Amino acid sequence: MTKQNKKKRFRTAAEFILLIGFVFLLRHFVFNPVEVSGTSMEPNYQDADRLWQTTFIAPDRFDVITFKSPRNGKSIVKRVIGLPGDTIRYENDQLYINDIAYEEPYLDEFKEAKKTDLLTDDFTFASLQPVVTSKTVPDESYFVLGDNRQKTDDSRYFGFVNKEDITGVVFFRFFPLEKIGAP
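Residue numbers (full-length UniProt numbering): 1 to 183.
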């Protein structure tokens with residue numbers, strides 16, 4: 001084997017290793033798949049929907065995030081409602097953040113189809129004690145709710161989600177194919 005052939009093979013091997021490393025980084029940080037489990041995000045996300053999430057995006061209000069469940073450690077999907085420093089309350093099915101009413105257009109379909117008077121029961125942080133022990137969302141934490149407010153395990157029941165526990169922000173649904181696209 002000539003010296004030039006050895007260099008060529010070494011270069012090919014090095015390029016292959018770099019490519020594998022790049023694909024691994026993309027897969028781990030940019031295009032990390034997650035599966036919706038359960039009905040807590042209906043009607044927007046169904047059980048077994050497959051989503052892409054990324055760790056490069058910081059969560060913002062109304063983003064859908066994934067994190068490990070404080071109950072069983074499994075990855076769960078919820079919507080960010082409260083950011084650090086916020087106060088959250090619900091009154092007559094209306095969301096108030098820092099005493100300002102907010103619309104939730106992602107719930108419109110569910111509100112039209114609901115069979116009960118209220119989709120979201122009234123609450124304040126004070127009424128959620130001892131689970132919620134602060135008057136505002138603490139620094140480095142978020143208050144999350146499932147879209148299916150009557151059938152979800154969310155911050156009303158397990159408290160705030162720490163920033164360090166968030167595994168990603170959902171940015172794309174890739175399955176089922178008829179619902180493919182950005183949220």
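Cβ coordinates follow ideal geometry from the N, Cα and C atoms, glycine included.
Please read all numbers here as calculations on a predicted model, not as lab measurements.
Could you give the residue range of the alpha helix (DSSP H) that holds residue i?
i: TYR157; result: 155-158
i: ASN5; result: 3-25
i: ALA182; result: Unbroken run through ALA182: none, as it is neither H nor E.
i: LYS111; result: 108-113
Buried or exposed for residue i, going by 16 or more other Cβ atoms inside 10 Å?
i: GLY82; result: buried
i: THR152; result: buried
i: PRO59; result: buried
i: GLU104; result: buried
i: TYR102; result: exposed
Would the beta-carbon of residue i fall within 8 Å of that of residue j?
i: LYS68; j: ASP147; result: no
i: ARG173; j: LEU19; result: no
i: THR12; j: GLY168; result: no
i: LEU119; j: GLN150; result: yes
i: LYS135; j: THR87; result: yes
i: VAL23; j: SER75; result: no
i: ILE57; j: PHE143; result: no
i: TYR157; j: VAL137; result: no
i: VAL80; j: PRO183; result: no
Closest by CA to residue i, which one among the options?
i: LEU177; options: ASP122, ASP93 and ALA48; result: ALA48
i: PRO70; options: VAL161, ASP121, PRO105 and THR120; result: VAL161
i: ARG89; options: ASP108, LYS74 and ASP122; result: ASP122
i: ASN43; options: VAL34, PHE22, PHE56 and LYS78; result: The residue asked about is misnamed: residue 43 is Pro in this sequence, not Asn. Ranking VAL34, PHE22, PHE56 and LYS78 by Cα distance to PRO43 puts LYS78 first.
i: LEU145; options: TYR102, PHE62 and PHE175; result: PHE62
i: ASP99; options: GLY181, ASN32, GLY85 and GLU112; result: GLY85
i: residue 228; options: GLY159, TYR102, VAL36 and GLU112; result: Outside the displayed span of the chain (1 to 183) sits residue 228, for which this structure offers no information.
i: LYS163; options: GLU140, ASP154 and TYR45; result: GLU140
i: GLU91; options: GLY73, LEU128, THR124 and PHE110; result: THR124
Output the boundary residues of the beta strand (DSSP E) element that contains residue i.
i: PHE67; result: 64-68
i: ALA101; result: 100-102
i: LEU51; result: 50-54
i: VAL34; result: 32-35
i: TYR96; result: 94-97
i: ILE88; result: 88-91
i: ILE166; result: 166-175
Considering only DSSP beta bridges, list what residue i is partnered with.
i: LEU145; result: ARG79
i: ASN44; result: BP columns for ASN44 are empty, so no partner.
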